[in-house]
Each structure stands twice: as structure tokens, then as C-alpha cells.
Amino acid sequence: MSTIISCGSQKGGVGKSTTAYNLGACLALNHGKKVLLVDIDPQANLSDYLGFEPDGSPTMTQLVMSACMGTLKPEMLQDSLWYCETADVDFIPSDINLASAEPLMSTTISRETILRRILTKDFVSEYDFVIIDCLPSLGTLLINALTVSDRLLIPVQTQKFSMDGLQSLESLYQQIKSAVNPKLNLLGVLPTMTDRTRVSRASVETLTEKYGEMLFRTHISKSVEAARSSENRMPLCLTDSKLGREYEELAQEVLERC
Ligand SMILES: Nc1ncnc2c1ncn2[C@@H]1O[C@H](COP(=O)(O)OP(=O)(O)OP(=O)(O)O)[C@@H](O)[C@H]1O
Ligand SMILES: [Mg+2]
């Protein structure tokens, strides 16, 4: 059985892409899971992290456009698949043009199920985990991610204003769960970029009060290792680092919860 996880939050720069990449790499490299990473962010940070170099093959942009027009073929999906050797994961890259596909999505019939037409049951059944790296917005792409997902993982940067926008994400999650995807559940809320400052500790306390057991026991510390890992395109679990150990703990918690 495959589990589709959306890594989402409308707040920018909270560690969504870093988490999608490193969680995926841990599950694959340390736990032998077959993992597919899906980039639905036009910024394409995850694709870059995975070493994607545009070569004319279809990306999420063409998949979305074809799904909107009803012309998506299985071969196109296969052609869009990449493999990242260092992280041992398959991935579907995104690119900047996905931003211009979003308006087309919003005018398509059953606009929330476009990604579901791409990530079909048949296709994802090959994988143990599919992790979707979402963009920082509550628009059609995020709605599509939540519609196709089993679980939602919300990274929250434990800094000032960390709780901003969580309410609207939760409300969207509830609407999608009740209207189109009853199997959607919260996987957990992940405190990221924690440090010893008062504000960081206070936001972890607030998150604990609000989410209780839904808050992951694992917290991801603030460390330059994160930027180094994306620069070197090297999963943190392959480096002897605190963040590498933390992402491994997260992977274990995710396996417990799924
Ligand atoms: N634990 C961490 N400690 C310090 N810096 C981090 C950590 N995790 C991520 N970063 C850095 O913070 C920046 C944002 O991280 P990331 O791209 O993962 O966030 P994001 O939520 O995906 O952003 P966006 O909303 O733009 O997609 C990056 O420069 C990344 O290297
Ligand atoms: Mg990102």
C-alpha cells in the first residue's frame, strides 16, 4: 500500500522542500522504501535539490496541462519520471511554467482532481511513499495536492509569527476532507528551525498546546547544514550531522504513524 504525503503550508521558507527531500531520502536510503518525490512548486526548489536539468522531457507543467485538456497518456507520465541516485528516489520535476498552468487548472471541470488524474492509483501503487512538495500558497495546486493525498505534514518554522496562516490551512484541509477526500488525515506538525531562543521555545510550547500528539516528537534544528545539503545536493542522512539524525528520527516517526 502506498501512502501519499503532502508537505504543505502556505507560509514560505518554513522547510517544506528541505523536509520533502530529506524525509524521502531517509525512507529510501535507511529504510529501503520505494519513494517518489513530486514537485508541484513553480519555484522548483526540490527539483533543483534533486539535480534536475531541463532536457525537453515533460515536467509537472505539461502533465497538468494535458490532464486539464484530457489528453494525458501514460507514456508522458513515464517520460516525466527522473531518478536521483544520491537520494535513491524517483521524482517528477516542476518548472517555472507551472505558474502559468494554474489559471488553466482553475477553469477546468473538477479542478481539484487534476493531480489525481496524473498520480493514478495504478501509477503510485509501485511506491511505498509518494511525497508532494507543495508551494507556499492556498491555491488550486495545493487543493489538488490535498485531494490526492492520504496525509498532510505541516512544517512550522518556530519563529515569530509561526502560527500565522495555520488557521486557513486547517480550514482548507477540513473542507477538502469533508467535500472530496475523506481519507485525508493529518500526519503531523513538524517544528522546524528550532533554536535556543525564547521565541523558538515559546512557539514550540504553543504548538504543543494546540496539537498535542499530532506534533512530531522530532524537532528540526536551525543549522547551516540545511543550506549546505541543498547546495551540495547531498541528503542530510548521508552526512554526519545533527540535522541528518533529526531527519532520520522523523522518518522513523512517519513509519510509526503510517
Ligand atoms: N533546519 C534548517 N535550518 C536552517 N535553515 C534551513 C533549515 N531548513 C531549511 N533551511 C533553509 O531555509 C530556506 C527555506 O527552506 P525550504 O526551501 O526548505 O523552505 P520551503 O518551505 O520549501 O520554502 P518555499 O515556501 O519557498 O517553498 C532554504 O534556504 C533552506 O536551506
Ligand atoms: Mg519549497
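First residue of the sequence shown? That's 82 in this note's numbering, and the numbers climb one at a time after it.
All C-beta atoms, glycine included, are put in the ideal place defined by N, C-alpha and C.
Legend entry - Length of the line joining the Cα atoms of CYS149 and SER187: 10 Å
Inset, instruction - Classify SER259 as helix, strand or coil using the three-state DSSP reduction. - result: helix
Inset, instruction - Give me every residue whose Cβ sits closer than 5 Å to any heavy atom of ligand 2, in chain order. - result: LYS97, SER98 and ASN126
Inset, instruction - With a threshold of 6 Å, establish whether the CB of SER311 neighbours any heavy atom of ligand 1. - result: yes
Inset, instruction - Grab the span of the alpha helix (DSSP H) containing ARG282 for me, first residue to last. - result: 279-292
Inset, instruction - Mind listing, in chain order, the continuous alpha helix (DSSP H) runs of no fewer than 4 residues lying wholly within the stretch 149-215? - result: 155-160, 179-187, 195-199 and 202-205
Legend entry - Buried or exposed by the 16-neighbour rule on C-beta atoms within 10 Å, applied to PHE410: An answer regarding residue 410 cannot be provided, because it is not within the stretch 82 to 339 covered by the chain.
Legend entry - Proximal residues to GLU330 (C-beta, below 8 Å), its chain only, five neighbours per side dropped: ARG298 and THR299
Inset, instruction - Say yes only if the C-beta of LYS291 is nearer than 6 Å to one or more non-hydrogen atoms of ligand 1, and no if none qualify. - result: no
Legend entry - Rounded straight-line distance, which links the Cα of THR167 to that of THR142: 25 Å
Inset, instruction - Check GLN238 in the structure and name its three-state DSSP category. - result: strand
Legend entry - Reference ILE173, options ILE212, SER147 and MET146, closest by Cα: ILE212
Inset, instruction - Keeping to the same chain, check which residues put their C-beta closer than 8 Å to that of SER302; ignore five residues upstream and five downstream. - result: MET274, THR275, ASP276, LYS323, LEU324 and GLU327
Legend entry - Counterpart residues of LEU45 in DSSP-defined beta bridges: Limits of the chain in this structure are 82 at one end and 339 at the other, which puts residue 45 out of reach.
Legend entry - Neighbourhood of SER230 by C-beta, 8 Å cutoff - its chain only, sequence neighbours within 5 removed: ILE85, ILE86, SER87, ILE213, ASN262 and LEU265
Inset, instruction - Keeping to the same chain, check which residues put their C-beta closer than 6 Å to that of LEU131; ignore five residues upstream and five downstream. - result: CYS165 and PHE172
Inset, instruction - Mind reading off the beta-carbon distance from ASP176 to PRO135? Whole number of angstroms is fine, and I expect it under 8 Å. - result: 7 Å
Legend entry - Within 7 Å, strictly: CB atoms of SER90 and ILE195: no
Legend entry - LYS241 vs VAL285 beta-carbon contact at 7 Å: no
Legend entry - Integer-rounded CB distance, given that LEU288 should sit under 8 Å from VAL237: 6 Å
Legend entry - Residue from SER83, MET82 and GLY96 whose Cα sits closest to the Cα of ASP307: Looking at the sequence itself, residue 307 is Ala, so the reference to Asp does not match. Of the listed residues, the one whose Cα sits closest to ALA307 is GLY96.
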